[in-house]
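The structure appears right after this line, and notes come after that.
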Amino acid sequence: MKYTTNIKITEFNEQGFATANGWIRVYRANTETGEYLCADMERTVMGVSLSAGAYLDEPEIPKSDNIAVCRHPDGQSWVHVPDYRGKTAYHIKTREPKAILQLGQLPPELTLLKPKTEFDVWNGKKWITDTTAQRQHGIQQAEIQCQSLLHDAEQQISLLERKKRLGVLTETEAILLREWEIYSVKLADIDCYAPDIHWPEQPK
Numbered sequence: 002m003k004y005t006t007n008i009k010i011t012e013f014n015e016q017g018f019a020t021a022n023g024w025i026r027v028y029r030a031n032t033e034t035g036e037y038l039c040a041d042m043e044r045t046v047m048g049v050s051l052s053a054g055a056y057l058d059e060p061e062i063p064k065s066d067n068i069a070v071c072r073h074p075d076g077q078s079w080v081h082v083p084d085y086r087g088k089t090a091y092h093i094k095t096r097e098p099k100a101i102l103q104l105g106q107l108p109p110e111l112t113l114l115k116p117k118t119e120f121d122v123w124n125g126k127k128w129i130t131d132t133t134a135q136r137q138h139g140i141q142q143a144e145i146q147c148q149s150l151l152h153d154a155e156q157q158i159s160l161l162e163r164k165k166r167l168g169v170l171t172e173t174e175a176i177l178l179r180e181w182e183i184y185s186v187k188l189a190d191i192d193c194y195a196p197d198i199h200w201p202e203q204p205k
């Protein structure tokens, strides 16, 4: 027949070479990562193999977006591998976040579960909050805040008392001095071990 509308599909022998000039459907993989790219038609030349990254066997497309299709390192088949790219994993010792950029299983020291607090520890399966450490931290922070507020109060009291000794304290400042003294006493009475601390209002 003089003309044809058919595409000449080539076959390949056992050695992997084209038996004739023509075209063949191939499935391409990234030559560096092995990840599946697309299906394509490749022009063939008799006695020549496929181009790098092109394969004849069709991959099975996974239903989950968390699975990637890759060529096995031996080049003989397609395999499914975990794909967490674009997600954030957390170090089970430091809780440090890390962006996932590569295909494959997560290293054993990483988890996709996000810790809820800075006092979370990994128990092998999930994060649990170390309530003792959390409580101790809260006490320390309360003690630091209390000392800082007391320091500020004593500075105000010292200045107002100096004015009083010099006889330049106004009536308004005399009232303020008393308020600062009451405030400092309330601060000193605060129990930093209490679960809920109600801080006294600072004089204005």
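Residues in the sequence shown are numbered consecutively from 2, following this note's numbering. Positions of the beta carbon are idealized from the N, C-alpha and C atoms, including for glycine. Note that the structure is predicted; figures quoted are calculated from it, not measured.
Of the listed residues the options, nearest to residue i (C-alpha basis)
| i | options | result |
| --- | --- | --- |
| H73 | N31, I8, T171 and A19 | N31 |
| A53 | T130, W79 and R29 | R29 |
| K127 | E172, K94 and D58 | K94 |
| D84 | G17, P196, T34 and Q16 | T34 |
| E15 | P98, L57 and I8 | L57 |
| L38 | K3, T171, Q148 and W79 | W79 |
| H152 | R136, L177, Q137 and V186 | V186 |
| E36 | H81, I198, T130 and K9 | H81 |
| Y184 | D197, K3, Q148 and V169 | Q148 |
Enclosing beta strand (DSSP E) for residue i [first to last residue]
| i | result |
| --- | --- |
| L38 | Y37 to T45 |
| A90 | T89 to H92 |
| I191 | First-last for I191: undefined, no H or E at that position. |
| W79 | W79 to P83 |
| W24 | G23 to A30 |
| R1 | The chain is shown only over 2 to 205; residue 1 falls outside these bounds and no answer can be derived. |
| W123 | D121 to W123 |
Alpha carbon of residue i to alpha carbon of residue j, nearest angstrom
| i | j | result |
| --- | --- | --- |
| P109 | A90 | 11 Å |
| A143 | D190 | 13 Å |
| R26 | L114 | 42 Å |
| L160 | R179 | 13 Å |
| P204 | I158 | 11 Å |
| A195 | L167 | 41 Å |
| P201 | L150 | 10 Å |
| K117 | G87 | 20 Å |
| L107 | I140 | 37 Å |
| W181 | Q156 | 10 Å |
| D197 | I101 | 40 Å |
| K9 | Q77 | 26 Å |
| R96 | I145 | 26 Å |
C-beta neighbour in chain B for residue i, strict 8 Å
| i | result |
| --- | --- |
| K164 | In the structure shown, chain B does not exist; there is a single protein chain. |
Short Cβ contact (8 Å threshold) for residue i with residue j
| i | j | result |
| --- | --- | --- |
| L188 | A134 | no |
| L104 | A55 | no |
| A19 | T6 | no |
| K164 | E172 | no |
| G17 | S50 | yes |
| E111 | H138 | Correcting the residue identity first, residue 111 is Leu in this sequence and not Glu. No, the Cβ-Cβ distance between L111 and H138 is not below 8 Å. |
Span of the alpha helix (DSSP H) around residue i
| i | result |
| --- | --- |
| I145 | T132 to L167 |
If you pair each beta-carbon of the stretch 114 to 121 with each one of the stretch 61 to 80, do three or more pairs fall below 8 Å?
no
Stretch pair the stretch 41 to 50 + the stretch 60 to 69: three plus CB contacts closer than 8 Å: no
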